[in-house]
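Just so we're aligned, residue 223 is where the sequence shown starts under my numbering, counting upward by one. Idealized CB from N, CA, C, for every residue including glycine. Input: a single structure, listed below in structure tokens.
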Amino acid sequence: DGDDANDGLTLATAWATIQHSFDLAQPGDSVFIRGGNYTEHLVMNVTGLPGQRIWFGEYAEEQVEIHGDPSLGPTMLRIEDVSHITIKGLRLSALAVADAQGILIRCTPDGSVSDISLEYVRVENIDWTTSPGAIPGPDDNAQPIIVYGEGGTAANAITSLVLDNCVVNSCNTGYSEALSLDGNITGALIRTCMVTNNTNIGILVAGGYGVCGDPA
């Protein structure tokens with residue numbers, strides 16, 4: 223019963239959508255998300271600053287469920303060219319579409335990404351197809367959590383990435399991986415994560431995918 227026309231500062235004047243907070247939060251803010259079911263595909267349009275990170279998490283440990291909708295595109299949560307962000311306790315699930323992505327963290331060729339933390343985030347049922355028995359080919363992929371930097375220099379690599387106590391469960395990834403770090407990333411920590419009941423590879427930390435502007 224929130225309203226994006228509210229000020230978002232109290233329970234009585236809460237916003238209605240998660241995306242509204244992803245558009246308006248300021249460095250140093252904490253955004254508390256009430257429990258419930260949300261059908262949104264989200265784009266992080268705000269960035270924190272050193273010492274002023276933006277925190278997004280569940281309110282009072284209520285369960286926040288974000289459900290996918292193929293009509294909204296293949297990516298449920300896009301974090302691109304932003305820094306000093308924490309996301310805690312959200313659950314993303316139920317997207318079956320070609321090249322489905324649960325969470326994408328990406329640095330563009332000229333961008334910058336640093337100090338991103340996913341804590342107690344759960345990603346489930348991200349599938350490349352609606353047919354569970356289908357046999358994938360090399361172009362059939364789904365990526366529950368994928369991270370890559372396209373920058374051609376070390377200076378704009380993705381840095382200080384933390385995946386802490388995350389769960390990736392019951393995803394049909396085709397030729398891809400459940401949790402994948404693919405290029406121009408330095409300083410990443412994957413800690414106490416549970417990767418279970420997914421097809422193909424569980425956790426991949428690799429180069430050689432050609433995503434960087436400079437192969438070296």
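Please list, in chain order, all residues of the same chain as Thr269 whose beta carbon is under 6 angstroms from its beta carbon, the five residues on each side excluded.
The answer, listed in chain order, is Val304 and Ser305.
Kindly indicate which residue of Ser334, Leu231, Ala238 and Gln248 has the alpha-carbon position closest to the one of Asp225.
Checked all of Ser334, Leu231, Ala238 and Gln248; the closest Cα to Asp225 is Ala238.
Where does Asn363 fall in DSSP's three states?
Three-state DSSP puts Asn363 in a strand.
Would you call the segment 333-344 and the segment 367-381 touching, i.e. three or more CB-CB distances under 8 angstroms?
Yes: the two stretches touch, three or more of their Cβ pairs being nearer than 8 angstroms.
Among all the DSSP beta bridges, which residues are the ones paired with Ile407?
Looking at the DSSP assignment, Ile407 forms a beta bridge with Ile380.
From Tyr370 to Asn267, what distance separates their C-alpha atoms?
Near 18 angstroms, if we compare the C-alpha coordinates of Asn267 and Tyr370.
Assuming Ile338 is part of the beta strand (DSSP E), what are its boundary residues?
It spans Val335 to Glu341 - the beta strand (DSSP E) in which Ile338 sits, taken as one unbroken run.
Just mark Ser315 as buried or exposed, buried being the case when its beta carbon has 16 or more other beta carbons within 10 Å.
By the neighbour-count rule (16 or more Cβ atoms within 10 Å), Ser315 is buried.
Helix, strand or coil for Tyr281 per DSSP?
In this structure, Tyr281 counts as helix in the three-state DSSP scheme.
Do Gly279 and Ile445 count as a contact pair if the criterion is CB distance below 8 angstroms?
Residue 445 lies beyond the residue range present for the chain, which begins at 223 and ends at 438; the question has no answer from this structure.
Which partner residues of Glu287 appear in the DSSP bridge assignment?
BP columns for Glu287 point to Asn259 and Arg313.
Taking only the alpha-carbon atoms, compute the straight-line gap between His289 and Gln365 and give it to the nearest angstrom.
Straight-line Cα distance between these residues: approximately 16 angstroms.
Tell me, please, which residues DSSP counts as bridged to Tyr370.
Arg328.
Pick helix, strand or coil for Leu401, following the three-state DSSP scheme.
Here Leu401 sits in strand by DSSP.
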